[in-house]
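Read through the structure below, which is laid out as structure tokens, and then see the notes.
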Amino acid sequence: MKGSELLSLLSYVSFIWVFLLLHGDGDGVKGESYRVGDEEGWDTGINYHTWSTNYDLKVNDTLVFKYIKGEHNVYEVTEETCRSCNANSGVMAIYDSGNDEIKLNEAKEYWFICNIAGHCQGGMRFLVNLTSTSTPPADSPTPTPFHSSAFKVTLPLFISYLFGIFFFLLK
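Going by the working numbering, the letters in the sequence shown line up with residues 269 to 439, in that order.
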């Protein structure tokens, strides 16, 4: 292989790797998904305030509410509505599929309740306060995200390797 061919091959591989790294599934773009209530899901008898403070939720993360459709729902509400558990006003969005995914797309306070009779008063309500520099409390355990994204860097490397072999074989 000539020096110019090797340089061309390295150029292709480097370009593809950088492109995939910058435009791939990066944390700053897509975020992580977190199952509200972890294994228990969105149900009565769970301390959602404690659950939400255990996570370092950031802008572009997604909350996944899993529950039996018809037994619960998810209302995104104002602070006043969350504190009063009265959803006659202050409702910003209603979800009732049993598998609701809510993207946290800006730094602000997000308030959630279940509007089934007695559920909000029974504890099915919580706040997610996203700031541009969200950090977990000092005594919080490091939770595992709902889905793993460990392949984010290795996938671009693998694909660039395959492209490199392809271009090498073309010469």
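We put the CB at the ideal spot given by N, CA and C, even for glycine.
The model shown is predicted, which means the values in this text are computed figures rather than measured ones.
Query raised in the report: Which word fits Gly305, buried or exposed, when buried means at least 16 other C-beta atoms lie within 10 angstroms of its C-beta?
Result: Result: buried.
Query raised in the report: Nearest to Leu372 by CA position, among Ile384, Asn397 and Lys334, is which residue?
Result: Asn397
Report task. Tell me, please, whether the segment 313–324 touches the segment 335–349 by the rule of three or more beta-carbon pairs shorter than 8 Å. Result -> no
Query raised in the report: With 16 as the cutoff for other CB atoms within 10 Å, does Asn315 come out buried or exposed?
Result: exposed
Requested in this report: Determine, using beta-carbon pairs with one atom in the segment 351–362 and one in the segment 325–333, whether at least three such pairs fall under 8 Å.
Outcome: no
Query raised in the report: Who pairs with Tyr378 in a beta bridge, going by DSSP?
Result: DSSP output for Tyr378 lists Val396 as bridge partner(s).
Query raised in the report: Asp368 by DSSP, collapsed to three states: which one?
Result: strand
Query raised in the report: Is Ala361 near Val327, with beta carbons less than 7 Å apart?
Result: no
Report task. Could you spell out where the beta strand (DSSP E) holding Tyr363 opens and where it closes? Result -> Val359 to Tyr363
Requested in this report: Take Cys388 as the anchor and find which of Lys337, Ser301, Tyr302 and Asn341 has the nearest alpha-carbon.
Outcome: Measuring from the Cα of Cys388, the nearest candidate turns out to be Asn341.
Query raised in the report: In whole angstroms, what is the alpha-carbon distance linking Ser416 and Leu325?
Result: Bear in mind that a pLDDT of 40 at Ser416, under 50, signals an unreliable position, so the model cannot answer this.
Requested in this report: Find the nearest neighbour of Glu377 within the set Glu339, Ser301 and Cys350, judged by alpha-carbon distance.
Outcome: Answer by Cα proximity: Cys350.
Query raised in the report: Is Tyr335 near Gly313, with beta carbons less than 7 Å apart?
Result: no
Query raised in the report: Where Gly390 and Ile381 are concerned, what is the direct C-alpha to C-alpha distance, given to the nearest angstrom?
Result: Rounded to whole angstroms, Gly390 and Ile381 show a C-alpha spacing of 10 Å.
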